[in-house]
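First the structure, in the form of structure tokens, and then the observations on it.
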Amino acid sequence: MKRIICFLFLFLLFSCNTTHYFVYSKNHTYGIDFSNGKWLVGEIEANPYAKDKLTTLVLKDFSEYLGERVKYSLTEKSLLLPKQVPLNPSKSTILELKKGASFDYYVNIKCKNAKNDLTGFEFPDHFYYKKQMSFAEVTLEVYDLNLGEIIYSQTSGGSIEDENSFTNKPTTTVIVGCYNKIINDIKKKSIKTMSK
């Protein structure tokens, strides 16, 4: 009897909180070699509610691979970097980042979100529109500052039905869920080393 009640509770829990995620394959979706170099996580572009939570997650996840070799741009005082770095930058833009920072790799993360507005989102054709939904999209790119190349690029999109959400910040939930899809992709494909 306890098993049936537990099963029903889990069914209701997951069926009520309807969340959908999609990962878009882009160029440079093979893994990342974390075995060398100094890494810098740029300021994450996200809404204020999600930014702190996402920044904490990103630094925790990258620290698992890099230890003390990863830093956050907002805590480094001596950097001469632009506040925002565009996605899919040119080689010359990436090489300019190297001049402003003594790092080997740069992590660029941008989030966009909306309520009931799919304009500018790349959801697959079969995705359908529902009332009172929060949509989000997260893109994570890694640049090799020495070569001036993008070595990883992935975007994940997602949605949640606001009225069925168990949180009062459904957009943050979707943003974190999208990021988790990307970091899971990185964990599956990347060269893992012990951080020093």
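Residue numbers -21 to -1, 1 to 175, in mature numbering (1 follows the signal peptide of the UniProt record, and there is no 0), belong to the letters of the sequence shown in order.
Ideal Cβ placement from N, Cα and C applies to all residues, glycine included.
Please read these numbers as outputs of a predicted model, since none were measured by experiment.
Next item on the list: Tell me where the beta strand (DSSP E) around V20 begins and ends.
Entry: Looking at the DSSP string, the run of the beta strand (DSSP E) that includes V20 is 18 to 20.
Note to self: Less than 6 Å between C-beta atoms, sequence neighbours within five positions excluded: which residues of the same chain meet that for G127?
What the structure shows: K70, I73, L74
Margin query: If you reduce the DSSP assignment to three classes, tell me which class D40 lands in.
Written below: helix
Item checked: L38 and V64 closer than 8 Å at C-beta -> no
Next item on the list: Measure from the alpha carbon of E24 to the alpha carbon of each residue in C90, S14, K160, S81, then state which is nearest.
Entry: Considering only alpha carbons, the answer is C90.
Next item on the list: Return the CA-CA distance between residue 180 and A115, expressed in angstroms with no decimal places.
Entry: Since the first and last residues shown for the chain are -21 and 175, residue 180 lies out of range.
Note to self: So, at 7 Å on beta carbons, what are the nonlocal neighbours of I154 in its own chain, with the 5 sequence-adjacent residues on each side left out?
What the structure shows: So the qualifying residues of the chain are A25, A29, L33, C90, N92, A115, V117.
Check: Rounded to whole angstroms, how far is the Cβ of F1 from the Cβ of G136, which I believe are closer than 8 Å?
Finding: Going by Cβ atoms, the distance from F1 to G136 rounds to 5 Å, so yes, they are a contact pair.
Checklist line | Spatially closest choice to Y131 from T(-3), H(-2), I11, by CA coordinates | finding: Measuring C-alpha to C-alpha distances from Y131 to each of T(-3), H(-2), I11 identifies I11 as the nearest.
Notebook entry, point to check: Quick one: Cα of S14 to Cα of L45, how far?
Noted result: 8 Å
Margin query: Are the CB atoms of K17 and F82 within a distance shorter than 8 Å?
Written below: yes
Check: So, is L53 buried or exposed, given that buried needs 16 or more other C-beta atoms within 10 angstroms?
Finding: exposed
Notebook entry, point to check: Going by Cα to Cα distance, which pick from E140, S57, T134 is closest to D164?
Noted result: T134
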